[in-house]
Structure formats: C-alpha cells, structure tokens
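These notes concern the structure reproduced below.
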Amino acid sequence: MNKNLGIAVFVLLLAGLGLYFILSRPASQVKSSTELLSGARYIYQIDWPPETQIINKPFACTQAGIPTERAGGTTLQMINGHTYCVTEVVEGTAGSIYKQYAYAFPLAGGTAILTFSLRFIQCENYNEPEKSECEAEHTELSMDNFIDIAAQNLKAAVDTESFDINNYGK
Numbered sequence: 030m031n032k033n034l035g036i037a038v039f040v041l042l043l044a045g046l047g048l049y050f051i052l053s054r055p056a057s058q059v060k061s062s063t064e065l066l067s068g069a070r071y072i073y074q075i076d077w078p079p080e081t082q083i084i085n086k087p088f089a090c091t092q093a094g095i096p097t098e099r100a101g102g103t104t105l106q107m108i109n110g111h112t113y114c115v116t117e118v119v120e121g122t123a124g125s126i127y128k129q130y131a132y133a134f135p136l137a138g139g140t141a142i143l144t145f146s147l148r149f150i151q152c153e154n155y156n157e158p159e160k161s162e163c164e165a166e167h168t169e170l171s172m173d174n175f176i177d178i179a180a181q182n183l184k185a186a187v188d189t190e191s192f193d194i195n196n197y198g199k
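Numbered per my numbering, the sequence shown spans residues 30 to 199.
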C-alpha cells in the first residue's frame, strides 16, 4: 500500500471513529444518528449517515438560489462559531418532501463536504392533532449542531495527523 493511500485510509478511519465518538455521547451533549430521529413519525433518514468528501480546493461559498430550485439554495452560515456553506435542495413528491443537504467547511487547506438526505412527510396530509404534531416535529429538527460536532471531530482527527491535502486521493 503506498503512503498516500495509507494516509487516506487512516484519515477515513479516524473520521469514522470521530463519528462513533459523536454518536456515543450522552443525549445531553448531542443525539446519536439513531436517537436523532428515534420516535420521529414524520421525518425519515434516506442517505445516512452523512457521506464525507474532501476536495483539494480552498473553501469558498457562493450564496445563490433557493432550496426549491433545481440546483437548490446555498447560504453561508455560522454554526457554533464555525463557518459552513450549506446547500439545501428540496423536492416534493406525492405525500413527501425530500431534502438533500451539503455542509461544506474548510479542512487542512482544502474543503470537506458532509452530505445526507431526509424525507419529510407533508403535514397537510393530516387532520388535527396529527397536523400540528407533524409541523412541530419539522420545526424542532435541526441538523446544524449534529453536523458541527461531526465536522469538528473530523478537523481534530486531521489536525493530529500529517495530513497533506495536496496528496489526498492520489
């Protein structure tokens, strides 16, 4: 195994361990991936857990669009003091709304992107009190803190190694 491939495998292993660490913390700190939507009646995980991609390009964010457009909407967001470029693509189908998320952030001179998808049941399909319960569930769900902890653990794993973005993936 060449050195670059070994580094890439090690970084991915550390990222996996970091996600395990996140997911095994007490619920008071962060909900695990299974706890995040456990008991949810109106939101389902589609592409989960988040997929990580690391690209050898400096972090940049072009804010444009709206979530319901074909390319989605992208905004620059501060989450717990950390900068993210968040893209959301929303597509409706009969009875459900699918949301694809991409959280990009600077990592070791390059950019890391965490992507995942969720399916939201359309609350208008229900009568009261289910409609209000559905709307409350949609409003209360925020992936921001969960993704921020995953991103910071990935950064910590990369910072502890001699990770060279210029050789990543070669």
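Here a beta-carbon is modelled for each residue, glycine too, at the ideal position from N, C-alpha and C.
Item checked: the region 92 to 104 touching the region 66 to 84, judged by at least three CB pairs closer than 8 Å -> Too few Cβ pairs lie closer than 8 Å, so no.
Next item on the list: Decide yes or no for the touch test of the region 181 to 190 against the region 150 to 170: beta carbon pairs closer than 8 Å, at least 3 of them.
Entry: No, because fewer than three Cβ pairs between the region 181 to 190 and the region 150 to 170 fall closer than 8 Å, the two stretches do not touch.
Check: Thinking C-alpha only, which one of His-111, Ile-108, Gly-110 and Glu-153 is nearest Ala-123?
Finding: Checking every option, the nearest Cα to that of Ala-123 belongs to Glu-153.
Margin query: Rounded to the nearest angstrom, what separates Ile-51 and Ile-178 at their Cα positions?
Written below: Annotation note: pLDDT 41 at Ile-51 (below 50); position unreliable, no value reported.
Next item on the list: Could you tell me the distance, in whole angstroms, from the CA atom of Ala-89 to the CA atom of Pro-158?
Entry: CA-CA distance, Ala-89 to Pro-158, rounds to 44 Å.
Check: Mind checking whether Lys-128 and Leu-147 have CB atoms under 8 Å apart?
Finding: Note that the C-beta distance between Lys-128 and Leu-147 is below 8 Å.
Next item on the list: Keeping to the same chain, check which residues put their C-beta closer than 7 Å to that of Tyr-113; ignore five residues upstream and five downstream.
Entry: Same-chain partners within the cutoff: Gln-106, Tyr-132, Ala-133 and Phe-134.
Notebook entry, point to check: If you drop the 5 nearest sequence neighbours on each side, which residues of the same chain put their C-beta closer than 6 Å to that of Asn-109?
Noted result: Around Asn-109: Asp-177.
Next item on the list: Would you mind sorting Ile-75 into buried or exposed? The rule is 16 or more other CB atoms within 10 Å of its CB.
Entry: Exposed, because fewer than 16 other Cβ atoms sit within 10 Å of the Cβ of Ile-75.
Check: Between Ala-180 and the rest of its own chain, which residues show a CB-CB distance below 6 Å, the 5 nearest in sequence each way excluded?
Finding: Here Ala-180 has Phe-134 as same chain residues with Cβ atoms under 6 Å from its own Cβ, once five neighbours each way along the sequence are excluded.
Checklist line | Spatial neighbours of Ala-69 in its chain, beta-carbon cut-off 7 Å, leaving aside the 5 residues before and after | finding: If we look at Ala-69 and ignore the five residues flanking it on each side, its Cβ neighbours are Glu-166.
Margin query: Just to confirm the assignment, what range does the beta strand (DSSP E) spanning Phe-149 have?
Written below: Per DSSP, Phe-149 belongs to the beta strand (DSSP E) from 139 to 150.
Next item on the list: Starting from the C-beta of Ile-142, find all residues in its chain whose C-beta is less than 6 Å away, skip the five residues before and the five after it, and write them out in chain order.
Entry: So the list reads Gln-82, Ala-131 and Ala-133, once near-sequence residues are dropped.
Margin query: Please report the straight-line C-alpha distance between Phe-145 and Glu-162, rounded to a whole angstrom.
Written below: If I take the Cα positions, the gap works out to 24 Å.
Notebook entry, point to check: So what does DSSP say about Leu-183, is it helix, strand or coil?
Noted result: The answer is helix: DSSP assigns Leu-183 an H, G or I state.
Margin query: Tell me the residue span of the alpha helix (DSSP H) that contains Thr-168.
Written below: DSSP places Thr-168 inside the alpha helix (DSSP H), whose first and last residues are 159 to 169.
Next item on the list: Check each candidate in Lys-86, Ile-150 and Thr-104 and name the one with the smallest Cα separation from Leu-136.
Entry: A check of alpha carbon separations from Leu-136 across Lys-86, Ile-150 and Thr-104 identifies Lys-86 as the nearest.
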